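Each remark here refers to the structure printed beneath this line.
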Amino acid sequence: MKKLILVMLIILWGVNSLFAQVSTKFYEKGKAFEEHPKFKNTKQNSPEKKMPLFDVAALLEEDEATKDLDIPFRFGKSFDVNLTLKDGKWQKTDSTEVWSLRITSDNAYSLNFIFSELYLPQDGELYIYNEDGSMVYGPVTEKQNQHGKTYMTDIIQGESVIIQISIPNKAKDKPQLTIQNIIHGYKIFLRHWDMATLINLHYATALQEMLNAIEQ
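Okay, so the sequence shown: first residue is 0 according to numbering that gives the first Met the number 0, each after it adds one.
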């Protein structure tokens with residue numbers, strides 16, 4: 000049954016990935032801020048939400064004890080949260096309004112997010128980038144998430160990342176965002192990230208959440 004669910008999720012997520020067409024770019028440290036100079040200012044002025052510490056060693060022991068069982072691969076610790084636009088900060092420029100929020104989970108190899116709600120108005124953009132400016136995910140636009148509901152992000156390297164939304168000053172509609180889960184990646188496998196592997200890790204996280212709900 001678990002294998003069947005995994006296959007179904009892979010198919011569904013693969014189709015979603017094909018049509019989403021959201022780019023993930025990698026840079027030398029700091030180079031992303033040269034290509035996106037506004038990111039640096041946003042980063043410096045973003046409020047921060049920190050995830051609680053947890054016992055990584057205990058999870059690694061659990062993973063080792065269950066590695067031969069027919070259960071989903073686990074690479075991260077999922078935190079249940081309820082973060083919205085109220086938790087971030089808006090900044091205005093001559094032509095845009097920019098919202099941002101920094102998420103930090105100490106000693107994480109990576110962070111990724113499940114949004115229970117994401118709505119971007121016309122010409123609105125969402126980016127996620129890491130603290131050292133070596134990785135940028137986005138832009139996500141209205142084209143990638145027209146239904147305004149659940150959205151899963153790529154996996155972003157590092158223990159601290161900034162989520163940023165920008166909209167035109169004259170936008171008729173306001174964006175909506177609710178972060179439901181933050182996944183702290185406590186394992187890393189490749190020196191250089193491989194997109195196929197990243198996608199498979201997404202499946203594993205989503206599947207783990209589903210199975211946990213079923214087994215409870």
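Built from N, CA and C at the ideal position, the CB exists for glycine as well.
Keep in mind it's a predicted model, so treat the numbers as computed, not measured.
Query	Result
So, with DSSP's three-state summary, where would you put GLN43?	helix
Looking only at its own chain, which residues have a Cβ that is under 6 Å from the Cβ of ALA195, when we skip the five neighbours before and after it?	With a pLDDT of 45 at ALA195, under the threshold of 50, the modelled position of that residue is not reliable, and no figure is offered here.
By the three-class DSSP mapping on this structure, what secondary structure does GLU141 have?	coil
Distance check for ALA31 and PHE53, CA to CA, integer angstroms please.	31 Å
Please name the residue in GLU63, LYS169, LYS173 whose C-alpha comes closest to that of LEU125.	LYS173
Go ahead and pull the three-state DSSP assignment for ASP193.	Its pLDDT being 48, under 50, ASP193 is placed unreliably by the model, and the measurement read from it follows with that caveat. In the structure shown, ASP193 sits in coil (DSSP, three-state: anything other than H, G, I, E or B).
Under a three-way DSSP split, which group does PRO167 fall into?	strand
Exposed or buried, what is GLU60 when buried is set at 16 or more other beta-carbons lying within 10 Å of its beta-carbon?	exposed
Which whole-angstrom value is the C-beta distance of GLU130 and VAL160, which I expect to be below 8 Å?	7 Å
Select from PHE74, PHE72, GLU47, SER94 the residue whose C-alpha is nearest the C-alpha of LYS37.	SER94
What does ILE70 pair with, by DSSP beta-bridge criteria?	DSSP, once it has assigned bridges, lists no residue as partnering ILE70.
If we count the other Cβ atoms within 10 Å of its Cβ and call it buried at 16 or more, is ILE154 buried or exposed?	buried
Indicate whether LEU117 and GLY137 have their beta-carbon atoms separated by less than 8 Å.	no
Run the CB neighbour count on GLU158, radius 10 Å, all protein chains shown included, and call it buried at 16 or more, exposed below.	buried
Measuring CA to CA, which of GLN121, VAL135, TYR128, GLY132 is closest to ASN144?	GLN121
Just curious, the alpha helix (DSSP H) that PHE32 is in, first and last residue?	30–34
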